[in-house]
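In the working numbering, the protein residues as written are 3 to 901.
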């Protein structure tokens with residue numbers, strides 16, 4: 003075996019152990035870094051002068067002896083001196099290094115087949131022998147860094163990024179987030195006081211009587227802005243201690259507070275929120291920072307808080323905060339001090355107990371004045387103050403006492419009659435799109451249509467008359483008075499104390515109108531071109547069978563002639579005449595059973611379309627004699643078509659709503675001509691006769707007035723609705739018994755049937771609840787008709803309402819229209835011996851039959867005398883049948899069921 007080039011080689015250095023598992027490709031990669039030329043592609047064939055095989059058949063490399071240190075195939079350094087040219091045909095030989103540059107033989111084993119393994123080929127086992135040979139240690143390491151490359155990953159590990167990639171990715175993301183935060187912060191404007199949201203400047207509203215000067219009630223508490231110098235330092239310390247104890251030092255936000263809040267919430271020790279006082283002030287005060295819980299809002303809140311902290315003094319921030327926040331009964335510390343501790347109290351005068359109390363309310367303003375949770379929070383405030391300043395408040399936990407507060411002044415705002423007026427005013431504003439929250443905080447001046455004197459008069463009259471009413475505790479009365487020229491509700495009676503009974507009778511109780519509904523049929527009749535001189539059926543309908551009639555057909559409550567004119571039909575309340583009139587109007591319209599002509603008059607007069615439509619579907623022609631449910635205020639406003647020459651204005655209770663001097667919500671009083679002035683004038687003639695000689699005869703008020711009584715079956719509801727050109731007033735009455743499931747009758751409490759059993763709800767049997775009440779209301783007979791107590795209430799109120807008013811006249815009778823005789827004229831054929839016309843005998847003119855009236859009730863010779871106290875109530879033969887004993891009535895719609 004031959005040696006290398008030139009002189010015998012020097013002793014090679016000891017082989018350096020390489021890393022275990024070093025891949026064989028490193029041989030080429032190492033030499034490549036030294037300028038080696040890779041072998042050509044394709045299989046290599048030994049050429050002339052190429053090495054053959056060494057000892058034991060191992061291949062040898064050029065210039066490398068087969069043996070030597072470490073055994074055959076060991077690495078030897080290149081000899082010094084000129085290197086001979088490569089033999090012809092050899093490839094892949096090492097290039098000569100630059101002049102003066104030393105090289106070193108690489109210790110990779112030869113590739114199989116006598117040629118060097120191409121890069122990327124399959125790894126080959128190292129030859130045995132010396133370093134890299136059989137049984138010997140591996141060859142020395144190369145000089146490049148590739149020796150440290152880890153083993154190539156296999157399986158799922160191939161998909162796990164290296165830590166270098168992870169670190170780089172996180173760095174990029176964090177840098178991006180911080181960059182976006184920096185941009186967002188830079189673009190966040192610093193708000194000023196012009197950006198304050200409405201709630202931060204909220205002021206209570208005041209409701210006034212119609213004069214615009216006399217207040218009815220104050221809604222909400224007027225905000226009183228005070229300087230920080232007028233706020234007790236004790237209050238300042240209390241709020242800071244419990245809400246944000248680092249307020250004086252922090253930068254507007256508190257990272258430790260956020261983490262502390264999470265920890266305390268998790269452990270049930272929640273004392274402070276994560277938001278600082280500055281953040282809370284920003285959220286409560288500035289527009290654009292809503293109370294919604296969202297990441298965007300929270301980030302904006304933090305940015306604004308930081309900027310505010312840089313532009314405002316701490317005292318300025320605290321002042322704005324304490325003037326803004328909600329304390330329950332009031333917004334702002336000054337108003338809160340007065341709301342809880344009296345009108346003479348101020349924020350500057352608060353003692354330490356009162357200061358701690360108000361600070362405790364900040365977290366949950368809705369707590370009642372002495373709720374146990376509030377008392378616990380009060381102790382937390384005291385302890386926090388001791389921790390905040392031990393020198394000043396160290397003994398406070400031992401000496402502090404939960405303070406006494408005054409009765410909520412806002413409760414009195416709804417007591418007595420005031421609550422009824424406020425509730426209907428609020429309801430109307432809500433219908434007009436004004437929300438209750440806006441009213442509570444908008445600082446509005448709300449002027450209503452109510453006359454204070456007449457409101458008090460209505461209550462006085464009703465209560466006086468009710469003393470004479472039998473079973474008065476079970477009887478409910480309603481009164482509503484409307485100015486027919488403009489639709490304003492000038493007075494009403496709905497109850498005595500809204501706090502105890504919030505059912506507002508004239509607005510909430512819809513009861514059958516009975517005969518008090520007939521004037522709308524008369525209006526439709528006259529407006530259709532028919533006259534008062536028409537002859538109408540006096541004892542049976544035409545036709546005899548009409549949809550909606552009971553067995554035996556429609557009947558009158560009294561006997562009478564076969565034919566009556568429209569005036570008599572109205573004053574005597576003749577059912578058969580009015581049903582036949584409604585039927586004739588439907589015949590003319592070509593729509594039998596739909597009652598469109600009457601329905602249209604009623605709807606134009608302001609009644610509920612839903613109620614009217616439903617009643618026509620259920621009761622058909624009973625609608626024409628008052629089967630539909632109506633309210634007292636609807637009736638008072640509806641009769642304006644008679645009092646105001648056929649015109650109608652929907653009833654309303656708001657004259658105007660002002661903010662400062664600006665009228666922001668004006669009065670709504672559009673006028674609609676429902677019937678012609680001529681039809682209205684003729685209808686008034688018939689309705690005046692009711693008070694002159696009809697069912698309410700003799701109960702006039704000493705000036706032109708008209709009206710109509712109404713009493714439904716079994717006398718369960720009784721009405722009188724009457725008017726002058728200046729005032730239209732409706733009075734309705736009904737009675738409810740409170741019955742238990744066993745049928746026992748129990749007395750009502752505050753005009754309601756008690757759901758509890760016992761003296762009070764607190765001591766009630768637990769099985770009785772509002773969902774399972776002890777007693778429920780059943781409507782039963784009043785025992786009197788509309789011509790009695792309802793008419794008396796109407797008369798006494800109207801006399802007071804017209805005091806100091808000039809006497810106004812109705813327009814004269816128009817006398818228009820053509821007679822429409824549904825039945826023949828009652829005039830008999832003259833007898834030959836006498837050229838006289840015999841008038842028909844009316845029931846009240848017949849003095850012969852037993853049990854019949856001897857005179858017309860209310861006529862001068864037969865004046866109705868209503869007893870003052872407990873006397874027998876006179877029978878009204880034209881509104882109601884005699885009902886000596888009333889059977890128990892089935893359950894009917896009641897105050898409770900309709901609530």
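Glycine is no exception: its CB is placed at the ideal position from the N, C-alpha and C atoms.
| said: Quick check on this structure: which residue in 334, 339, 718 and 594 has the alpha carbon closest to the alpha carbon of residue 547? | reply: Here residue 547 refers to the residue found at position 545 of the chain shown. It is 594.
| task | Classify residue 560 as helix, strand or coil using the three-state DSSP reduction. | result | Working through the chain shown from its first residue, we reach residue 560 at position 558. Reduced to three states, the DSSP call for residue 560 is coil.
| residue 542 versus residue 490 - alpha carbon distance | By 1-based counting over the chain shown, the position of residue 542 is 540. By 1-based counting over the chain shown, the position of residue 490 is 488. The alpha-carbon atoms of residue 542 and residue 490 are separated by roughly 41 angstroms.
| said: Do residue 532 and residue 222 have their beta-carbon atoms positioned less than 8 angstroms apart in this structure? | reply: As a first step, residue 222 must be located in the chain shown, where it is residue number 220. As a first step, residue 532 must be located in the chain shown, where it is residue number 530. No. Outside cutoff.
| How big is the Cα-Cα spacing for residue 524 and residue 653? | For this step, residue 524 is matched to residue 522 along the chain shown. For this step, residue 653 is matched to residue 651 along the chain shown. Straight-line Cα distance between these residues: approximately 22 angstroms.
| field | As assigned by DSSP and simplified to three states, the class of residue 483 | value | As a working note, residue 483 is residue 481 in the chain shown. Reduced to three states, the DSSP call for residue 483 is strand.
| Cβ-Cβ separation, residue 544 to residue 638 (assumed contact under 8 angstroms), whole Å | If you number the chain shown from 1, residue 638 lands on position 636. If you number the chain shown from 1, residue 544 lands on position 542. Not really, about 33 angstroms apart at Cβ, beyond 8 angstroms.
| From residue 225 to residue 336, what does the alpha carbon distance come to, in whole angstroms? | If you number the chain shown from 1, residue 225 lands on position 223. If you number the chain shown from 1, residue 336 lands on position 334. Residue 225 and residue 336: Cα-Cα distance of roughly 8 angstroms.
| query | So what does DSSP say about residue 490, is it helix, strand or coil? | reply | Start at 1 with the first residue of the chain shown, and residue 490 comes out as number 488. Assignment of residue 490 by DSSP, reduced to helix, strand and coil, places it in the strand class.
| said: Can you tell me whether residue 554 is buried or exposed? The criterion is at least 16 other CB atoms within 10 Å of its CB, across all chains shown. | reply: The residue labelled residue 554 in the question sits at position 552 within the chain shown. Residue 554 is exposed by the Cβ-count criterion.
| query | Among 530, 388 and 410, which residue has its Cα nearest to the Cα of residue 401? | reply | Translated into positions along the chain shown, residue 401 becomes position 399. That would be 388, whose Cα lies nearest to the Cα of residue 401.
| message | I'd like to know if the stretch 784-802 and the stretch 689-704 are in contact, where contact means that at least 3 CB-CB pairs between them fall below 8 angstroms. | response | By the Cβ test, the stretch 784-802 is in contact with the stretch 689-704, since at least three Cβ pairs between them sit closer than 8 angstroms.
| query | Sorted by chain position, which residues of the same chain lie with C-beta nearer than 8 angstroms to residue 417's C-beta, five sequence neighbours on each side aside? | reply | Taking the chain shown and counting its residues from 1, the one referred to as residue 417 is at position 415. Apart from sequence neighbours up to five positions away, the residues of its chain that approach residue 417 with a beta-carbon distance below 8 angstroms are 499, 500 and 501, ordered along the chain.
| Is residue 310 helix, strand or coil by DSSP? | If you number the chain shown from 1, residue 310 lands on position 308. Three-state DSSP puts residue 310 in a helix.
| message | Just to check my reading of the structure: residue 728 and residue 807 have Cβ atoms closer than 8 angstroms, yes? What is that Cβ distance to the nearest angstrom? | response | Translated into positions along the chain shown, residue 728 becomes position 726. Translated into positions along the chain shown, residue 807 becomes position 805. That belief holds up - the Cβ atoms of residue 728 and residue 807 are roughly 6 angstroms apart, short of 8 angstroms.
| field | Status (buried if at least 16 other CB within 10 Å, exposed otherwise) for residue 614 | value | Here residue 614 corresponds to residue number 612 of the chain shown, with the count starting at 1. Flag for residue 614 reads buried.
| For residue 216, does the count of other Cβ atoms within 10 angstroms reach 16, so buried, or fall short, so exposed? | Taking the first residue of the chain shown as position 1, residue 216 is located at position 214. Residue 216 is classed as exposed because its beta carbon has fewer than 16 other beta carbons within 10 Å across all chains shown.
| request: Run the CB neighbour count on residue 776, radius 10 Å, all protein chains shown included, and call it buried at 16 or more, exposed below. | output: Within the chain shown, residue 776 is the residue found at index 774, counting from 1. Classification for residue 776: buried.
| In three-state terms, what does DSSP make of residue 352? | Residue 352 sits at position 350 when you count from the first residue of the chain shown. Coil.
| query | Quick one: is residue 172 buried, meaning 16 or more other Cβ sit within 10 Å of its Cβ, or exposed? | reply | Looking up residue 172 in the chain shown gives position 170. With a 10 Å radius around the Cβ and a threshold of 16 neighbouring Cβ atoms, residue 172 comes out exposed.
| task | Check each candidate in 407, 386, 408 and 406 and name the one with the smallest Cα separation from residue 399. | result | Taking the first residue of the chain shown as 1, we reach residue 399 at position 397. Of 407, 386, 408 and 406, the residue nearest in Cα terms is 386.
| request: Identify every run of the beta strand (DSSP E) within the stretch 652-716, keeping only runs that are complete inside it and at least 3 residues long; order them along the chain. | output: Counting only runs of 3 or more, we get 656-661, 664-668, 673-675 and 708-713.
| field | Bounding residues of the alpha helix (DSSP H) (the contiguous stretch that carries residue 605) | value | Here residue 605 corresponds to residue number 603 of the chain shown, with the count starting at 1. Going by DSSP, residue 605 is part of the alpha helix (DSSP H) stretching over 598-606.
| field | Through-space distance from residue 376 to residue 407, alpha-carbon basis | value | Counting from one through the chain shown, the residue named residue 407 turns up at place 405. Counting from one through the chain shown, the residue named residue 376 turns up at place 374. Approximately 13 angstroms, taken between the alpha carbons.
| message | Could you pull the DSSP bridge partners for residue 722 from this structure? | response | Within the chain shown, residue 722 is the residue found at index 720, counting from 1. Bridge partners of residue 722: 711 and 733.
| field | Close-in-space but distant-in-sequence residues of the same chain around residue 666 (CB under 7 angstroms, 5 per side omitted) | value | Within the chain shown, the letter at position 664 stands for residue 666. Within the same chain, residue 666 has close Cβ partners 659 and 660.
| query | So is residue 167 buried or exposed if we call it buried at 16+ other beta carbons inside 10 Å? | reply | Against the chain shown, residue 167 aligns to sequence position 165. Exposed, since its Cβ has fewer than 16 Cβ neighbours within 10 Å.
| said: With H, G and I counted as helix, E and B as strand and the rest as coil, what does DSSP make of residue 235? | reply: Within the chain shown, numbered from 1, the residue matching residue 235 stands at position 233. Of the three classes helix, strand and coil, the one that applies to residue 235 here is helix, per DSSP.
| Between the Cα of residue 715 and the Cα atoms of 508, 379 and 515, which residue gives the shortest distance? | Within the chain shown, the letter at position 713 stands for residue 715. When each option's Cα is compared against that of residue 715, the closest is 515.
| message | For residue 483 and residue 635, I'd like the C-alpha separation in whole angstroms. | response | The residue given as residue 483 occupies position 481 in the chain shown. The residue given as residue 635 occupies position 633 in the chain shown. If I take the Cα positions, the gap works out to 7 angstroms.
| Can you tell me whether residue 676 is buried or exposed, with buried defined as 16 or more other CB within 10 angstroms of its CB? | As a working note, residue 676 is residue 674 in the chain shown. Residue 676 should be labelled buried.
| query | On the three-state DSSP scale, how would you describe residue 395? | reply | On the chain shown, position 393 is the one that residue 395 refers to. Helix, per DSSP.
| task | Closer than 8 angstroms by C-beta to residue 679: which residues in its own chain qualify, once you throw out the five before and the five after it? Chain order, please. | result | Position 677 of the chain shown, counted from the first residue, corresponds to residue 679. Its chain contains 647, 648, 813 and 816 as the residues whose beta carbon lies nearer than 8 angstroms to that of residue 679, once the 5 sequence neighbours on both sides are disregarded; these appear in chain order.
| field | Contact under 8 angstroms by Cβ, residue 911 with residue 655 | value | Beyond the ends of the chain as shown, which are 3 and 901, falls residue 911; an answer cannot be given.
| Residue closest to residue 227, alpha-carbon to alpha-carbon, out of 308, 205 and 781 | Within the chain shown, the letter at position 225 stands for residue 227. The residue with the shortest Cα to Cα distance from residue 227 is 205.
| Once you ignore the five residues that flank residue 601 on each side, which residues in its own chain have a CB closer than 7 angstroms to its CB? | Reading the chain shown from its first residue, position 599 is the one you call residue 601. Cβ neighbours of residue 601 beyond the five flanking positions: 614 and 618.
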